[in-house]
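Numbering (the working numbering), first residue to last: 2 to 399.
We put the beta carbon where it would ideally sit given N, CA and C, even for glycine.
Below is one structure; the comments refer to it alone.
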Amino acid sequence: MKLLLIKAGKAFKTIQRDGILRGGKRILDFLQAYIKNILSVKSGDILFITAGVGDSALYRAHNQAEELRTHGFNVSVTMQDNPFLPSFYKKFKIFIFSRTLHTSAIAKLIKNIKKQQKEIIFDTDDMVFDIKYVHQTDHYKNMSFFEKKQYKKGIGEEILMDSYVKVCTTSTKFIASKLEEYGKKVFVTTNKLSNQWLDIADHLLQNNRQEKNQRSKIRIGYFSGTIGHNKDFATISDALVEILEKYPQVEIFLAGPLELEEKFAKFARRIIRCTFVPRKKHFENIFYCDIILAPLEKDEFSVGKSELKFSEAGLLEVPVVALRNQTFSGAINDGENGFLADHKEEWIEKLSTLIENSELRKSMGEKAREKALCDYTTKNSHSEEYYDYLRSKLQKKD
């Protein structure tokens, strides 16, 4: 019942934000994915269990599953409201719970897994397992009454606190350090780009580059993805206003439900808004940008965010200017495959450099793609220690 109420709240919020037609289509797409997911679960080595079918499930389950299949594992993905979930303990040897809510079906599955002495792994790509971080965010404050019900406790808190669970996986070193405080062995498995997305990027680079290069405007893009990124964007709003005043050829492309401050009103004709779009269109929107922004607040919840904005843009040879923090500093070599910035003057300086120098945008984008292909694709994944651990657990069960 709790899951149903939460999903109803999300559906209402989607229609309220995107309108009946666009929001309704999005809900139907989710429903179709849900039905397809129920029918696609096959017996194997590893089962990912997710809370839903959104972006988090894509990156932390479906793309992770594709990565593991590349390395010889037999993997399936399901959602926690799959009606057959409690019986799946018979079909797999390793179970990876990714941001699941505690329900009777989850509790029953875990009980049966323990009886079989099989492996349970806790996975997260956010600090949502600890409510003290969640309640500080705008995302939480903007949720519907029913959506907030999932955050009475941390997401997956019961699994994380379970002494039976010895291992966690997560997307960044910062979150890994927090999970280690629970006495867990933690593997950092970064968010990866799927083979299908590589094909989309390759097609755009091969067929649409000339069209992009013929434009006279310089497009700076910010992709918020979900609600709750107003404060992230606000950290660079003064810098962007100065950029817009300084460079009349610059336009801003904003994807997602972002609330703009009044200071941007005078630039309304140079600001392009875009709501939720399918994944293929999402990559196309990134491709037609000349620069991508990746600002964040400096609180712990934000520090835990992954370098996705860098890897997605890099795949399409679009340079990124990102907040200088632990995660982005691990991906970006400042001045080579991207820029890092820490304060208003630095954001202005580095954005100005890219706006004025098309050759630098080109070379920096190419180096960003090299990094994305090397370290952020399922195809070229290389988390050998993690794969060896999984193999050791499978061998014990044979």
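Are the CB atoms of D163 and R61 within a distance shorter than 9 angstroms?
Residue numbering aside, residue 61 sits at position 60 when the sequence shown is read from its first letter. Residue numbering aside, residue 163 sits at position 162 when the sequence shown is read from its first letter. In terms of Cβ geometry, R61 and D163 do not form a close pair [threshold 9 angstroms].
Checking the sheet assignment: what are the DSSP bridge partners for R274?
Taking the sequence shown and counting its residues from 1, one reaches residue 274 at position 273. Paired residues: L255.
Rounded to whole angstroms, what is the Cα-Cα separation between K142 and L316?
What you label residue 142 is simply residue 141 of the sequence shown in a count that begins at 1. What you label residue 316 is simply residue 315 of the sequence shown in a count that begins at 1. Counting only the Cα atoms, L316 lies some 33 angstroms from K142.
Please determine, among A295, A52 and K91, the residue with the shortest C-alpha to C-alpha distance to F234.
The sequence position of residue 234 within the sequence shown is 233, counting from 1. Minimum Cα distance to F234 is reached at A295.
Looking at T170 and F188, is the spacing between their C-beta atoms short of 9 angstroms?
For this step, residue 188 is matched to residue 187 along the sequence shown. For this step, residue 170 is matched to residue 169 along the sequence shown. A distance below 9 angstroms separates the beta carbons of F188 and T170.
Sequence ranges, alpha helix (DSSP H) only - wholly within the stretch 282-340, length at least 4:
Along the stretch 282-340, the alpha helix (DSSP H) occurs as fully enclosed runs of 4 or more residues at 301-304, 309-316 and 327-332, listed in sequence order.
Collapsed DSSP secondary structure at K133 in the structure displayed
Here residue 133 is taken as the residue at index 132 of the sequence shown, counted from 1. The three-state reading of DSSP puts K133 in helix, counting H, G and I together.
Output the distance between the C-alpha atoms of L59 and R392, rounded to the nearest integer angstrom.
Looking up residue 59 in the sequence shown gives position 58. Looking up residue 392 in the sequence shown gives position 391. L59 and R392: Cα-Cα distance of roughly 23 angstroms.
Indicate the three-state DSSP secondary structure (helix, strand or coil) for R220 in the structure shown.
For the purposes of this step, residue 220 is identified with residue 219 of the sequence shown, where counting begins at 1. The answer is strand: DSSP assigns R220 an E or B state.
From G229 to G339, what does the alpha carbon distance come to, in whole angstroms?
Taking the sequence shown and counting its residues from 1, the one referred to as residue 229 is at position 228. Taking the sequence shown and counting its residues from 1, the one referred to as residue 339 is at position 338. Taking the straight line from one Cα to the other gives about 25 angstroms.
Out of F284, R270, G184 and I111, state which residue places its alpha-carbon closest to the alpha-carbon of G226.
Within the sequence shown, the letter at position 225 stands for residue 226. For the residues F284, R270, G184 and I111, the minimum Cα distance to G226 belongs to F284.
Below 6 angstroms CB to CB, which residues in the same chain sit around E68 once its five sequence neighbours on both sides are set aside?
For this step, residue 68 is matched to residue 67 along the sequence shown. Only K193, T379 and S382 meet the Cβ criterion.
What separation, rounded to the nearest whole angstrom, lies between the Cα atoms of H140 and E346?
For this step, residue 140 is matched to residue 139 along the sequence shown. For this step, residue 346 is matched to residue 345 along the sequence shown. Answer to the nearest angstrom: the Cα atoms are 28 angstroms apart.
Taking the C-alpha atoms as reference points, what is the distance between L255 and L309?
Translated into the one-based positions of the sequence shown, residue 255 becomes position 254. Translated into the one-based positions of the sequence shown, residue 309 becomes position 308. Using only the alpha carbons, I get a separation of about 17 angstroms.
Answer yes or no: does any C-beta atom of chain D fall closer than 9 angstroms to that of G336?
Looking for chain D here will not work: only one protein chain is present.
Taking just the CA atoms, how far does A106 sit from N113?
Within the sequence shown, the letter at position 112 stands for residue 113. Within the sequence shown, the letter at position 105 stands for residue 106. Distance between the alpha carbons of N113 and A106: 11 angstroms.
Report the CB separation of R100 from G155 in whole angstroms; it is logged as a contact under 8 angstroms.
Within the sequence shown, the letter at position 99 stands for residue 100. Within the sequence shown, the letter at position 154 stands for residue 155. The pair is not a contact, with the Cβ atoms about 10 angstroms apart (cut-off 8 angstroms).
So T51 and V76 are in contact, right, with Cβ under 8 angstroms, and what is the actual spacing, rounded?
Mapped onto the sequence shown, residue 51 falls at position 50. Mapped onto the sequence shown, residue 76 falls at position 75. No, T51 and V76 are not in contact; Cβ-Cβ is about 13 angstroms, not under 8 angstroms.
Classify M2 as helix, strand or coil using the three-state DSSP reduction.
Within the sequence shown, residue 2 is the residue found at index 1, counting from 1. Here the model assigns M2 a pLDDT of 49, short of 50, so the residue's position is not dependable, and the following value carries that caveat. Residue state, collapsed to three classes: coil.
First through last residue of the beta strand (DSSP E) which encompasses K116
Residue numbering aside, residue 116 sits at position 115 when the sequence shown is read from its first letter. Looking at the DSSP string, K116 is not in any beta strand (DSSP E); the run it does join, the alpha helix (DSSP H), is S105 to K116.
Within the continuous beta strand (DSSP E) that includes M162, where are the two ends?
For the purposes of this step, residue 162 is taken as residue 161 along the sequence shown, with counting starting at 1. Counting along the chain, M162 sits inside no beta strand (DSSP E), nor does DSSP assign it H or E at all.
Count the other CB atoms, across all protein chains shown, that sit within 10 Å of the CB of Q396; report buried if there are 16 or more and exposed otherwise.
In the sequence shown, counting from the first residue as 1, residue 396 sits at position 395. Burial call: exposed.
If you drop the 5 nearest sequence neighbours on each side, which residues of the same chain put their C-beta closer than 8 angstroms to that of M2?
If you number the sequence shown from 1, residue 2 lands on position 1. Residue confidence is low: M2 scores 49 on pLDDT, short of 50, so the model does not pin down where it sits. Its coordinate-derived value is still stated next. Non-local C-beta neighbours of M2 in its own chain, meaning closer than 8 angstroms and more than five positions away in sequence, are absent.
With H, G and I counted as helix, E and B as strand and the rest as coil, what does DSSP make of E260?
Taking the sequence shown and counting its residues from 1, one reaches residue 260 at position 259. E260 sits in coil when the DSSP states are folded into three classes, being neither helix nor strand.
Every unbroken alpha helix (DSSP H) within the stretch 17-103, with a cutoff of 4 residues, ordered by chain:
If only complete runs of 4 or more residues are kept, the stretch 17-103 shows the alpha helix (DSSP H) at 21-40 and 64-71, in order along the chain.
Would you mind giving the Cβ-Cβ distance between A314 and A269, rounded to the nearest angstrom? I have them listed as a contact below 8 angstroms.
On the sequence shown, residue 314 is found 313 positions in, with the first residue counted as 1. On the sequence shown, residue 269 is found 268 positions in, with the first residue counted as 1. Contact annotation, A314 with A269: C-beta distance approximately 25 angstroms; criterion of less than 8 angstroms not satisfied.
Is the beta carbon of F288 closer than 9 angstroms to that of K394?
Within the sequence shown, the letter at position 393 stands for residue 394. Within the sequence shown, the letter at position 287 stands for residue 288. For K394 and F288, no; Cβs fall outside 9 angstroms.
Write down the C-beta distance between Y390 and T190 rounded to the nearest angstrom, noting that I regard them as a contact closer than 8 angstroms.
What you label residue 390 is simply residue 389 of the sequence shown in a count that begins at 1. What you label residue 190 is simply residue 189 of the sequence shown in a count that begins at 1. By a beta-carbon distance limit of 8 angstroms, Y390 does not contact T190. Their separation comes to about 11 angstroms.
In terms of residue numbering, what span does the alpha helix (DSSP H) encompassing I201 cover?
Within the sequence shown, residue 201 is the residue found at index 200, counting from 1. Here the alpha helix (DSSP H) through I201 covers N196 to N208.
Can you list, in chain order, the residues of its chain whose CB lies under 6 angstroms from that of G222, leaving out five sequence neighbours each side?
Your numbering for residue 222 matches position 221 in the sequence shown. If we look at G222 and ignore the five residues flanking it on each side, its Cβ neighbours are F254, C290 and I293.
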